[in-house]
Amino acid sequence: MNLKNKKWLLLPFSLLIVSCSSVTKVTKVGKDTYTVGSQVRGGMTSWAEVKQMALTEADAYCSSLGQELVSSNIETHGARGWTPQEAEVTFKCGSSKEATVEP
């Protein structure tokens, strides 16, 4: 087997590590309460990374209001490497004195 044919053998394996990710827009779901989600398809992304994507967006939103992310609840769905990994963060913004971020 020549080198050119061996490259084609690597293609299926390289597709296993490729992933596509997205983060939703922040949505108000109640008084002073918001939600944001993140999703990763394909690849072998860690759950910590999927959660961090949504938390980063939540923190940026609070900062845009001149506040801090003070409380959050994170729910996850999916199976790593099998189905899309999703994280949904429900959060509140306020002063740092109110901070209670849950993992």
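Take the sequence shown: its letters are residues -24 to -1, 1 to 79, numbered as in mature numbering (1 follows the signal peptide of the UniProt record, and there is no 0).
Each residue gets a CB set at the ideal place from its N, CA and C atoms; glycine is no exception.
Point to revise | Ala63: first and last residue of the uninterrupted beta strand (DSSP E) it sits in | key: The sequence position of residue 63 within the sequence shown is 87, counting from 1. Element bounds for Ala63: 61 to 70.
Check your understanding: Taking the alpha carbon of Cys69 as the point to measure from, which residue in Glu62, His53, Leu41, Lys1 has its own alpha carbon closest?
Key -> Here residue 69 is taken as the residue at index 93 of the sequence shown, counted from 1. The candidate whose alpha carbon is nearest that of Cys69 is Leu41.
Practice item. Under the assumption that Ala30 contacts Val(-2) (Cβ atoms under 8 angstroms), give the Cβ distance between them as a whole number of angstroms. Key: On the sequence shown, residue 30 is found 54 positions in, with the first residue counted as 1. On the sequence shown, residue -2 is found 23 positions in, with the first residue counted as 1. So it is a contact: roughly 6 angstroms between Cβ atoms.
Review point. Measuring CA to CA, which of Ser47, Glu62, Phe67 is closest to Ala24?
Key: Locating residue 24 in the sequence shown gives position 48, where the first residue counts as 1. The residue among Ser47, Glu62, Phe67 with its C-alpha nearest the C-alpha of Ala24 is Glu62.
Practice item. Check whether the Cβ atoms of residue 163 and Thr52 lie closer than 8 angstroms to each other. Key: The structure shown has nothing for residue 163, since the chain only spans -24 to 79.
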